[in-house]
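Read through the structure below, which is laid out as structure tokens, and then see the notes.
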Amino acid sequence: MAAAAATTRLMRAVVAGTAASGVASGASGAGAAASSSCAVRSAAHSCAAFALQSAATSVSTSSPSSSIPSGSTNAAPGARRALASARRNSASSSVAARAAVSATEAAPETTKKRSAYAITTLTNWLLQQEFEDQIDNELTVVLTSIAVACKQIASLVQRAGITNLTGVQGAVNVQGEDQKKLDVVSNEVFSSCLRSSGRTGIIASEEEDVPVAVEESYSGNYIVVFDPLDGSSNIDAAVSTGSIFGIYRPQSECIVSYDEDEPTELDSEAQNCVVEVCQPGTNLLAAGYCMYSSSIIFVLSVGNGVYGFTLDPSLGEFVLTHDGIKVPPKGQIYSFNEGNYEMWDDKLKTYISDLKKPGDNGKPYSARYIGSLVGDFHRTLLYGGIYGYPRDAKSTNGKLRLLYECAPMSYLAEQAGGRGSDGYTRVLDIIPEQVHQRIPLFVGSAEEVEKLESYLKQ
Numbered sequence: 093m094a095a096a097a098a099t100t101r102l103m104r105a106v107v108a109g110t111a112a113s114g115v116a117s118g119a120s121g122a123g124a125a126a127s128s129s130c131a132v133r134s135a136a137h138s139c140a141a142f143a144l145q146s147a148a149t150s151v152s153t154s155s156p157s158s159s160i161p162s163g164s165t166n167a168a169p170g171a172r173r174a175l176a177s178a179r180r181n182s183a184s185s186s187v188a189a190r191a192a193v194s195a196t197e198a199a200p201e202t203t204k205k206r207s208a209y210a211i212t213t214l215t216n217w218l219l220q221q222e223f224e225d226q227i228d229n230e231l232t233v234v235l236t237s238i239a240v241a242c243k244q245i246a247s248l249v250q251r252a253g254i255t256n257l258t259g260v261q262g263a264v265n266v267q268g269e270d271q272k273k274l275d276v277v278s279n280e281v282f283s284s285c286l287r288s289s290g291r292t293g294i295i296a297s298e299e300e301d302v303p304v305a306v307e308e309s310y311s312g313n314y315i316v317v318f319d320p321l322d323g324s325s326n327i328d329a330a331v332s333t334g335s336i337f338g339i340y341r342p343q344s345e346c347i348v349s350y351d352e353d354e355p356t357e358l359d360s361e362a363q364n365c366v367v368e369v370c371q372p373g374t375n376l377l378a379a380g381y382c383m384y385s386s387s388i389i390f391v392l393s394v395g396n397g398v399y400g401f402t403l404d405p406s407l408g409e410f411v412l413t414h415d416g417i418k419v420p421p422k423g424q425i426y427s428f429n430e431g432n433y434e435m436w437d438d439k440l441k442t443y444i445s446d447l448k449k450p451g452d453n454g455k456p457y458s459a460r461y462i463g464s465l466v467g468d469f470h471r472t473l474l475y476g477g478i479y480g481y482p483r484d485a486k487s488t489n490g491k492l493r494l495l496y497e498c499a500p501m502s503y504l505a506e507q508a509g510g511r512g513s514d515g516y517t518r519v520l521d522i523i524p525e526q527v528h529q530r531i532p533l534f535v536g537s538a539e540e541v542e543k544l545e546s547y548l549k550q
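When we follow this note's numbering, the leftmost residue of the sequence shown carries the number 93, and every step to the right adds one.
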């Protein structure tokens, strides 16, 4: 019986030793697998976590002390040798796993480094938005057509002095304003690009008396409203100008049939239908502007933030340079045409006077005014503050147009975390009564617009 018991103990020791060796061998294999996996996985952090988890699990499972007491003297010499081998293999596996983790922890420094030549073009960005179901392929075509129009207008603006495109055309637009030569040309460029896109049904421009229907064979379902060249009075002085646009989708019952081959002016009923479709600004699908200055900058929102693209002249492409623009909640710059100060409401005068007094930081606000909505708004968007064009004794309803100036700019401001107001009401909630309706506009940092409203509502 004693011999049998001894034999049983010896067999148990041998089995335990063999099991420990097998587990340790598995640990070594797990460490090697983790290391091999790290060599082929592109996500370095995930790879490091994978190796660490594999090694920790393997080492914990293969710990000899959990299988055979280190001080055991009942095992046969073969079993003791198996135990020693298991311990060595376990230690080797642990070292290999730690080496794999150390190697991959350093990997992000190299694998995550962005190439100096990697760029995101406007086209790439639009395709990504389409892939994420933020926009559809038809809207991608419309926005691409607008970008092409902006490139053409930018070229015309830059060469205006050389090609004799400065000065007045001799005609007057529907607002009673003298049309500059570039106003007329820019309107034609914009309209032509939108008509040829095949995705635009109706276009409404500052330079057109009424909205224009696109030829049926090329038309789509989008309504595009735009100011082809804002601040054109600055052209002769080579000061910043820009184009502004907004895009709406009409309701199916408001799509009008056309029998003629040429673009057709809408009758009053169809025009009212367009206005109804475009109300309010919260119905905007996309809005933006292109600023023609020292750089050509295309700023756009499709409802998920504001992004800026700068034209690279060597590529002829708009390249992403402002990713997720956020307007500061407060600012120290106000942008008003103070030449009209004496014609303003007394409450507004008090507001402006208070801005000129030292504030909590001991400094007054700074005044900056270019005379171009796009230029002044762009600075406000980046640096914060407030832009305002109020009503006055001469322009009792305000100066800027709701549909294609105030609404698109307010949409951009809100997408960037700011606000747009007429002094009492959110601009995007205002229902247009006509295509060229004018309203006062105050837009910029949220706290600055709220501060102005508090003065006017007293």
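Glycine included, C-beta positions come from ideal geometry on N, C-alpha and C.
Just so it is clear, the structure is predicted and the values come from calculations on it, not from any experiment.
The DSSP-derived three-state label of His470 is helix. By the neighbour-count definition (other C-beta atoms within 10 Å, threshold 16), Thr255 is an exposed residue. Across the structure, Gly323 and Asp438 are spaced so that their CA atoms are roughly 28 Å apart. Judged by DSSP in its simplified three-state form, Thr236 adopts helix. Taking C-alpha positions only, Lys486 is separated from Gln271 by approximately 21 Å. DSSP places Asp225 in no alpha helix (DSSP H); its state is neither H nor E.
Contact check for Val541 against Ile478 passes: the beta carbons are separated by less than 8 Å. Annotation: Ile531 to Ile417 spans about 26 Å, alpha carbon to alpha carbon. By the neighbour-count criterion, in which a residue is buried when 16 or more other Cβ atoms sit within 10 angstroms of its Cβ, Lys491 is buried.
Across the set Ala505, Ala330 and Gln244, the C-alpha of Ala330 shows the shortest separation from the C-alpha of Ser464.
Along the segment 369-443, the beta strand (DSSP E) occurs as fully enclosed runs of 3 or more residues at 378-384, 388-393, 399-404, 409-414 and 425-427, listed in sequence order. Collapsing the DSSP output to three states places Asp484 in coil. Secondary structure note for Leu257: it is in no beta strand (DSSP E), with a DSSP letter that is neither H nor E. Look at the beta carbons and you see the segment 272-290 touching the segment 231-249: at least three pairs across the two are nearer than 8 Å. Counting along the chain, the unbroken beta strand (DSSP E) around Arg511 starts and ends at Arg511 to Ser513.
The segment 434-449 and the segment 309-319 do not touch, with fewer than 3 CB-CB distances between them shorter than 8 Å. Within the same chain, Cβ atoms closer than 7 Å to the Cβ of Ala252 are found at Thr258, Leu274 and Ile327, the five residues on either side in sequence being excluded. DSSP places Val317 within a strand segment (E or B) once states are collapsed to three. The beta carbon of Asn375 is closer than 6 Å to those of Tyr340 in its chain, skipping five residues each way along the sequence. Around the beta carbon of Glu299, 16 or more other beta carbons lie within 10 angstroms, which makes this residue buried. Residue pairing of Leu533 in beta bridges, as defined by DSSP: Tyr481. Gly397 and Thr488 have their C-alpha atoms some 34 Å from each other. In the three-state scheme derived from DSSP, where H, G and I count as helix and E and B as strand, Ala330 is classed as coil. Separation of Gln424 and Gly536 (C-alpha to C-alpha, rounded to the nearest whole angstrom) is 11 Å. Among the bridge pairs identified by DSSP, Ile339 is matched with Val316 and Ala378.
Per DSSP, the beta-bridge partners of Ala459 are Tyr426. According to the DSSP assignment, Lys273 belongs to the alpha helix (DSSP H) that extends over Lys273 to Ser288.
A straight line joining the alpha-carbon of Leu403 with that of Ser289 spans about 21 Å. Bounds of any alpha helix (DSSP H) do not take in Leu520, whose DSSP letter is neither H nor E.
Judged by DSSP secondary structure, Ser502 falls within the alpha helix (DSSP H) whose first and last residues are Ala499 to Gln507.
Take the alpha-carbon of Glu497 and the one of Thr213: they are about 26 Å apart.
Inclusion of Met383 and Gly476 in the CB contact set at 8 Å is not warranted, their separation being larger than that value.
Rounded to the nearest angstrom, the gap between the Cα atoms of Leu219 and Thr442 is 49 Å.
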